[in-house]
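Worksheet: the structure to be examined is printed underneath.
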């Protein structure tokens, strides 16, 4: 049976929160074995836990704030708009991707695809 | 070569606009031959032009307003949040789905999947 909408919502909220304040290991724990990450859509798909951990590891040193703007869930899949603000000495970089995720029956992420491009990034 | 981001943006804007004010035939014209429509995600996938036309035909009699809220485009695919307000004697029904679309090289829609559920509908 597909994970409930409530369970998927919890995982999406945990994911967005961990992007700002979590470790790569905590983020990877949200993913199922064999999960894949395509961020952004069109880039090389990360297919191993090591690749996924390395990808999220690049966020660990950054000062980031995130918020979930809108989330739609249907039939064990989610699409959600969220904002990531990265605060640096050179300014604040803001990006609001739309991520699409599928989940296994326990609500672990099985695929993640992030829709955004360079032109969606703003600096303030 | 994949359709440009500008071309895809135009098609998304046309789609959202036609949901409010277009005919089923005008909407179907945005789709490639062999296109599929899954609305909402998890429902039966419409695979023929007749099925797709019948689906959008149900909107023709309604008084609707739409607006594109946010759109992200990457590698010939789009994910976008838009709002549909349906005005009836019984009130105004508002739904803001996130749609995910793929496109052929000319920017015709090849697949459409709409993320929303009944709980995302509000009545005012």
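Chains as they are written, first to last, in full-length UniProt numbering: chain A, 1 to 124; chain B, 1 to 124. We put the beta carbon where it would ideally sit given N, CA and C, even for glycine.
Length of the line joining the Cα atoms of residue i and residue j
i: residue 121 of chain A; j: residue 111 of chain B; result: 27 Å
i: residue 62 of chain A; j: residue 113 of chain A; result: 22 Å
i: residue 64 of chain B; j: residue 33 of chain B; result: 27 Å
i: residue 54 of chain A; j: residue 31 of chain A; result: 14 Å
i: residue 66 of chain A; j: residue 39 of chain A; result: 17 Å
i: residue 91 of chain B; j: residue 105 of chain A; result: 37 Å
i: residue 75 of chain B; j: residue 2 of chain B; result: 7 Å
i: residue 97 of chain B; j: residue 57 of chain B; result: 19 Å
i: residue 25 of chain B; j: residue 52 of chain A; result: 44 Å
i: residue 119 of chain B; j: residue 84 of chain B; result: 15 Å
i: residue 15 of chain A; j: residue 48 of chain B; result: 37 Å
i: residue 82 of chain B; j: residue 117 of chain A; result: 19 Å
Residue i, buried or exposed, once every other Cβ within 10 Å from all chains shown has been counted against 16
i: residue 89 of chain B; result: exposed
i: residue 73 of chain B; result: buried
i: residue 87 of chain B; result: exposed
i: residue 123 of chain B; result: exposed
i: residue 77 of chain B; result: buried
i: residue 102 of chain A; result: buried
i: residue 29 of chain B; result: exposed
i: residue 44 of chain B; result: exposed
Nearest-angstrom Cβ-Cβ length linking residue i and residue j, presumed shorter than 8 Å
i: residue 60 of chain A; j: residue 23 of chain A; result: 6 Å
i: residue 41 of chain A; j: residue 93 of chain A; result: Not really, about 20 Å apart at Cβ, beyond 8 Å.
i: residue 107 of chain A; j: residue 8 of chain A; result: 6 Å
i: residue 68 of chain B; j: residue 80 of chain B; result: 6 Å
i: residue 109 of chain B; j: residue 35 of chain B; result: 6 Å
DSSP bridge partner residues for residue i (one or two, in chain order)
i: residue 25 of chain A; result: Looking at the DSSP assignment, residue 25 of chain A forms no beta bridge with any residue, so it has no partner.
i: residue 52 of chain A; result: In the DSSP output, where bridge partners are listed per residue, residue 52 of chain A has none listed.
i: residue 67 of chain A; result: A:83
i: residue 95 of chain A; result: A:84
i: residue 1 of chain A; result: None, per the DSSP bridge assignment.
i: residue 101 of chain A; result: A:78 and A:112
i: residue 72 of chain B; result: B:79
i: residue 38 of chain A; result: A:113
i: residue 123 of chain A; result: A:93
Residue i: CB within 7 Å of a non-hydrogen atom of the ligand COA
i: residue 103 of chain A; result: Within the structure as shown, the ligand COA is missing, as the structure has no ligands at all.
> Which residues, in order along the stretch 67-86 of chain B, keep a beta-carbon less than 9 Å from a beta-carbon of chain A?
Replying inline: For the stretch 67-86 of chain B, the set of residues with a beta-carbon nearer than 9 Å to any beta-carbon of chain A comprises 69, 70, 71, 72, 73, 74, 75, 76, 77, 78, 79, 80 and 81, in chain order.
> If contact means a Cβ-Cβ distance below 9 Å, which residues of the stretch 1-32 of chain A contact chain B?
Replying inline: The stretch 1-32 of chain A vs chain B, Cβ under 9 Å: 2 and 5.
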